[in-house]
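Colleague:
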Amino acid sequence: MSPKAKKGLIITGIISGVIAAPIALTLIPYGIQKSLANKNSLEAKQAFYEKQVSLVSKEIENKENKKAEINKQIATKKNEGELKDLKEELDKLITQIKEDTALYIVNNYELFKIQKSILENQIDLNFPTKEESKKAIDFYTKWIENLSKIKKDNLNQVSIAWVSGLKYSWEIIKELYESEIRLIGGQLSFAPEGAYPINSFANSFVDITNEKATKIKRNLEEGIKENVILSKVVIKNNIRSILKNFYTKELLEFISSNKKEESLTNIIRQNKNLDEETKKFHEFYVNKYYESTDHGLGENIRELKVYKTNVTNEVEDTIELIDNNDKKVLIYGLGITKKDLEANDVGINAIKGSASSTNGKKLYDIILKMSTTTNNSSQQIFEAGYKTTTTATKNMEATAKAIAKLITGNENSKWEPTIKYNPDGVAGKSVQDLTVKIRDDKGNINLTEFNKWMNQEQFFFGREGSNFYTKEKEESLLKEKSLEESISNFNKLGYAHLIDAKNANEKYGTITNKEFYLGALEAFKGYHQFRAATMDYGFSFFDKKVDKYGINVYDFKYRTESGVGEERPDDNIEKGTTGAFVFNPDPYFSLPKWSVTSFANHESVMGHHNQIQYARRYLKTINNLTIGNIFNYTSYIEGWALFMEWFGIEAGLYGTPDFESEDYYSLPKDFQYSHGITYFIGNKTKDKITNEDIKQIKELHGGVYWTLAANGQTNITDEKEHALKTAKLTNMLQYYGALNEAQLRNMRLAVDTAYHGEIKGESSLPKNASIKQVREFLTKNSALGVGDITSESKRYLNFPGQATSYNSGKEALLNLYDKVRKAKNLKRKDFLENKEAIKEFFNLLLETGALPLATIEEIINYHYNIK
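Residues in the sequence shown are numbered from 7 upward in steps of one, following my numbering.
(1) Could you check if Pro28 is buried or exposed, using at least 16 other CB atoms within 10 Å of its CB as the buried criterion?
(2) Does the stretch 644 to 658 come close enough to the stretch 170 to 190 to have 3 or more Cβ pairs within less than 8 Å?
(3) Between Phe804 and the rest of its own chain, which residues show a CB-CB distance below 7 Å, the 5 nearest in sequence each way excluded?
(4) Just to confirm my understanding: we take Thr424, look at its own chain, exclude 5 residues before and 5 after, and list those with CB closer than 6 Å. What are they?
(5) Can you tell me the Cα-Cα spacing of Leu790 and Asn461, whole angstroms?
(6) Just to confirm my understanding: we take Tyr711, look at its own chain, exclude 5 residues before and 5 after, and list those with CB closer than 6 Å. What are they?
(7) If you pair each beta-carbon of the stretch 741 to 760 with each one of the stretch 806 to 819, do three or more pairs fall below 8 Å?
(8) Can you list, in chain order, the residues of its chain with a C-beta nearer than 7 Å to that of Thr785? Leave out the 5 residues immediately preceding and following it.
(9) From this set, Tyr533, Ala410 and Thr518, which residue's C-alpha is nearest Met738's C-alpha?
(10) How is the alpha helix (DSSP H) around Gly87 delimited, first residue to last?
(11) Start and end of the alpha helix (DSSP H) containing Lys64?
(12) Comparing C-alpha positions only, which one of Lys830, Ala715 and Ala729 sits nearest to Thr691?
(13) List the DSSP bridge partners of Trp459.
(14) Quick check on Thr696: buried or exposed, where buried means 16 or more other Cβ atoms within 10 Å of its Cβ?
(15) Are the beta-carbon atoms of Leu820 and Ile866 separated by less than 8 Å?
(16) Is the beta carbon of Leu280 closer than 8 Å to that of Lys311?
(17) Expressed to the nearest angstrom, what Euclidean distance is found between the alpha-carbon atoms of Phe388 and Tyr560?
(18) If we count the other Cβ atoms within 10 Å of its Cβ and call it buried at 16 or more, is Lys368 buried or exposed?
(19) Considering Val792, what are the terminal residues of the alpha helix (DSSP H) in which it resides?
(20) Do you know offhand how far Leu42's Cα is from Ile618's?
(21) Three or more beta-carbon pairs under 8 Å between the stretch 846 to 866 and the stretch 131 to 142, yes or no?
(22) What do you get for Ser492, buried or exposed, if any count of 16 or more other CB atoms within 10 angstroms of its CB means buried?
(23) What are the boundary residues of the beta strand (DSSP E) that includes Phe589?
(24) Looking only at its own chain, which residues have a Cβ that is under 6 Å from the Cβ of Ala53, when we skip the five neighbours before and after it?
(25) Between Ala167 and Thr854, is the Cβ-Cβ spacing less than 8 Å?
(26) Decide if the stretch 112 to 129 is in contact with the stretch 65 to 81; the criterion is three or more beta carbon pairs, one per stretch, under 8 Å apart.
(27) Bridge partners for Tyr202 per DSSP, in chain order?
(28) Given Asn616, which residues of its chain have a CB within under 7 Å of its CB, disregarding the five upstream and five downstream residues?
(29) What is the DSSP secondary structure of Asn243, counted as helix, strand or coil?
(30) Which residues bound the alpha helix (DSSP H) around Gln779?
(31) Under 8 Å between the Cβ atoms of Ala538 and Glu651?
(32) Can you have a look at Arg275 and say buried or exposed, based on whether 16 or more other CB atoms are within 10 angstroms of its CB?
(33) For the beta strand (DSSP E) containing Gly556, name the first residue and the last one.
(34) Give every residue of the same chain whose Cβ lies closer than 8 Å to the Cβ of Ala404, excluding the five residues on either side of it in the sequence, and list them in chain order.
(35) State the start and end residues of the unbroken beta strand (DSSP E) segment that holds Thr424.
(36) Assign Lys438 to one of three DSSP states: helix, strand, or coil.
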């Protein structure tokens with residue numbers, strides 16, 4: 007690099023001993039800082055970076071000319087010594103060109119950000135008008151063309167990530183503007199990865215206040231004119247979210263008043279704290295917007311009101327609040343009714359739109375592309391999900407057979423146990439004694455009946471029955487030393503009232519508040535045990551180590567609509583931890599005990615926790631140059647976590663893997679020895695089992711596995727033998743949980759597109775499906791609990807497209823895993839046990855952030871020279 011060029015690059019602050027942030031004036035020498043600060047304009051910075059881009063561009067051009075000259079000389083030289091010198095010079099030059107190209111990309115990205123800021127001063131990119139959208143489209147078109155001019159030969163694996171990732175991102179943003187997603191509240195501020203319509207599941211209404219509220223109201227009003235409106239069922243769900251987030255005080259005042267009902271308009275107008283713009287938006291949303299839609303009508307209420315009694319016959323999602331006396335109060339009027347559950351045309355595809363604007367198909371197509379980072383149509387995605395859903399039961403049935411054999415001690419006798427069963431979840435009036443006919447006298451398994459057995463009450467924390475939570479059990483949980491911090495955090499999140507003497511015996515579903523509370527502590531205990539059992543083993547597959555993760559729960563008031571869990575990278579809830587794995591502690595909205603391993607692995611180590619913290623701490627640079635940790639694609643983020651769910655099987659969390667099988671999800675060859683929650687049993691023979699081992703396996707997850715392994719036998723004469731049997735059963739059930747979670751992601755592809763896509767559909771899952779039809783499909787094809795099915799079915803409706811990202815990403819990463827393994831000519835077992843090979847591969851996937859899937863494939867192909 008010439009001295010003049012180098013001086014210019016140093017001035018920008020891009021070359022330094024630390025990761026550069028060239029736009030920051032603190033990295034630019036004082037004289038330049040002063041000049042820019044005095045001009046105090048983005049235009050001055052723009053001119054400055056345009057000069058730097060030109061400087062680096064000329065440097066690259068000069069070196070490419072020199073490279074061409076050297077290649078000519080190499081073609082004519084025959085002297086080996088001269089050839090060697092020329093080739094060494096050429097290699098150095100190629101390296102320099104790649105480094106200069108990286109600098110060119112970083113400078114261009116800074117220039118892009120400056121020009122985007124200039125544009126943002128002229129138009130609103132987040133909540134644009136139609137004309138503003140056109141200007142945004144022109145802006146991104148220009149920058150896509152700029153990136154397309156960069157020669158691929160001048161890139162390495164990191165700069166490939168930058169160029170490919172940026173180009174894809176800008177293409178997505180451009181198409182989002184073209185789709186008119188703004189008309190249904192598309193959150194373009196979260197583009198390109200998360201520009202979903204504002205919705206109750208993501209709780210996105212919280213951020214729509216003041217000027218934002220006015221602008222989104224304007225766009226939704228334009229949507230009404232163009233007949234681009236969400237369904238009534240979805241709008242009502244969103245209104246419930248608005249009330250819970252903004253009008254708690256007014257709702258409690260209504261409850262304490264003499265009124266039997268109150269209009270939502272009056273509730274909104276009574277608020278004296280919110281700004282007027284936000285209140286006008288809310289009033290518009292609960293009246294004109296709700297009234298204007300023509301599809302997915304559901305209950306189709308003439309005027310939305312709240313009531314003290316269940317006048318509207320809602321069956322779920324009644325608003326729950328805690329009053330000043332720490333008592334739970336119910337507010338009716340906006341919950342889901344039978345008509346809502348049975349309504350078709352509730353998804354995006356039912357939006358008719360107009361010829362001059364957009365329609366449901368166009369909107370969902372771009373949402374799918376954003377979510378999956380593929381160009382697959384909704385029909386292709388539906389077919390993939392439906393096919394894998396209906397064919398993926400082979401391993402589930404084989405596991406059910408193995409469990410039946412272990413519990414009964416034989417392979418072909420009738421197995422018809424009686425279980426405690428509540429098919430209606432929190433809406434259930436009582437727990438049934440249900441006899442399930444799992445196996446006939448010929449050894450045939452009825453998987454539907456087995457899945458009922460998998461959903462018996464004792465498999466859910468908090469629903470084990472009143473006899474389980476004795477006074478002794480209560481005291482042991484409340485005084486458990488390892489749970490002190492968790493209990494404190496739990497209480498701060500709004501759960502303390504459940505254990506208060508005046509509320510403890512109040513009914514919640516078929517259990518009591520106390521059982522809810524103590525069940526949550528038992529769940530905390532289970533997730534703590536998982537962390538202790540698996541964290542270090544999980545870390546062993548990664549080249550670099552990240553911090554320990556914490557364990558936390560959802561806020562009480564959001565638990566019924568938040569799903570089963572998530573990773574929160576900035577939730578430093580426990581001392582000595584970074585980030586937290588969050589689970590739903592509600593016994594009716596949580597996953598069963600047999601899903602602990604796959605679920606926690608997905609969210610923590612090896613899944614989201616490693617993925618997010620790894621990129622934050624170890625983001626790859628080129629000569630300390632970086633464009634930052636800017637990519638956040640759901641298909642990569644969720645695909646990685648689901649890929650790690652599968653890798654848990656491969657890594658032996660459930661037993662010894664069957665490496666010879668062509669099926670990556672095949673049953674372990676042996677369930678006895680695992681690296682999972684029964685690690686303490688290991689491969690011990692009976693004589694090596696200790697009293698501490700027996701205690702641990704007997705108490706694991708409230709002792710459910712110990713009890714089931716006994717098959718009704720109350721007097722265990724050989725506890726060591728029973729401990730081994732229990733460990734094996736535990737691993738079988740946890741493995742079934744992994745299969746069930748994988749099946750859930752298969753179903754998501756089918757269900758999301760059935761709600762929102764332009765598909766042909768099937769008799770068991772038709773086009774424009776209702777919530778009820780989706781639930782029937784989920785129930786028929788999995789062992790998901792009623793709470794999980796209830797929350798997941800609403801999630802896919804309210805949060806269109808996002809759920810399709812999981813399997814799309816997992817399949818892409820699993821294919822790359824297989825491709826790399828074969829390129830190294832390694833068998834599955836050898837690839838796994840060769841920790842350096844695994845570390846290298848995982849490091850490549852993690853070190854450049856949450857990229858589009860096609861970009862990840864480019865990087866892997868480049869690094870391993872795969873054609």
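Note that beta-carbon positions come from the ideal geometry of N, C-alpha and C, so glycine has one too. None of these values were measured; they are calculated from a predicted model.
Modeller: Answer, in terms of the structure:
(1) In this predicted model, Pro28 has a pLDDT of only 33, less than 50, meaning its place in the structure is not dependable; the value taken from the coordinates is given anyway. In this structure Pro28 is buried. Its beta-carbon is surrounded by 16 or more other beta-carbon atoms within 10 angstroms.
(2) With a cut-off of 8 Å on Cβ pairs, the stretch 644 to 658 is not in contact with the stretch 170 to 190, counting fewer than three such pairs.
(3) According to the sequence as given, residue 804 is Asn; it is not Phe. Asn205, Ser206, Phe207, Val240 and Asn243.
(4) Cβ neighbours of Thr424 beyond the five flanking positions: Asp439 and Thr441.
(5) Going from the Cα of Leu790 to the Cα of Asn461 covers about 8 Å.
(6) Thr732, Leu735 and Thr736
(7) Verdict: yes, contact present.
(8) Correct list, in chain order: Ile795.
(9) Ala410 is the residue among Tyr533, Ala410 and Thr518 whose C-alpha sits nearest the C-alpha of Met738.
(10) Glu86 to Gln128
(11) Lys64 -> alpha helix (DSSP H) spans Leu48 to Thr82.
(12) Ala729
(13) In the DSSP output, where bridge partners are listed per residue, Trp459 has none listed.
(14) Exposed, by the Cβ-count rule.
(15) no
(16) no
(17) 32 Å
(18) So Lys368 counts as buried.
(19) Val792 to Asn804
(20) Interpretation of Leu42 is limited by its pLDDT of 47, a score under 50 that renders its predicted location unreliable; the figure taken from the coordinates is listed afterwards. Distance from the CA atom of Leu42 to the CA atom of Ile618, rounded to whole angstroms, is 36 Å.
(21) Not touching, per the Cβ criterion.
(22) With 16 or more Cβ atoms within 10 Å of its Cβ, Ser492 is classed as buried.
(23) Ala586 to Phe589
(24) For Ala53, where only same-chain residues beyond five positions count, there are no Cβ hits under 6 Å.
(25) yes
(26) The stretch 112 to 129 is not in contact with the stretch 65 to 81.
(27) In the DSSP output, where bridge partners are listed per residue, Tyr202 has none listed.
(28) Listed in chain order, the non-local C-beta contacts of Asn616 below 7 Å within the same chain comprise Phe548 and Val552, local neighbours out to five positions each way being set aside.
(29) helix
(30) Residues Ile777 to Lys786.
(31) no
(32) Answer is exposed; the Cβ neighbour count stays below 16.
(33) Gly556 to Val559
(34) Leu673
(35) Thr424 to Tyr427
(36) In the sequence on display, residue 438 carries Gln and not Lys. Strand, per DSSP.
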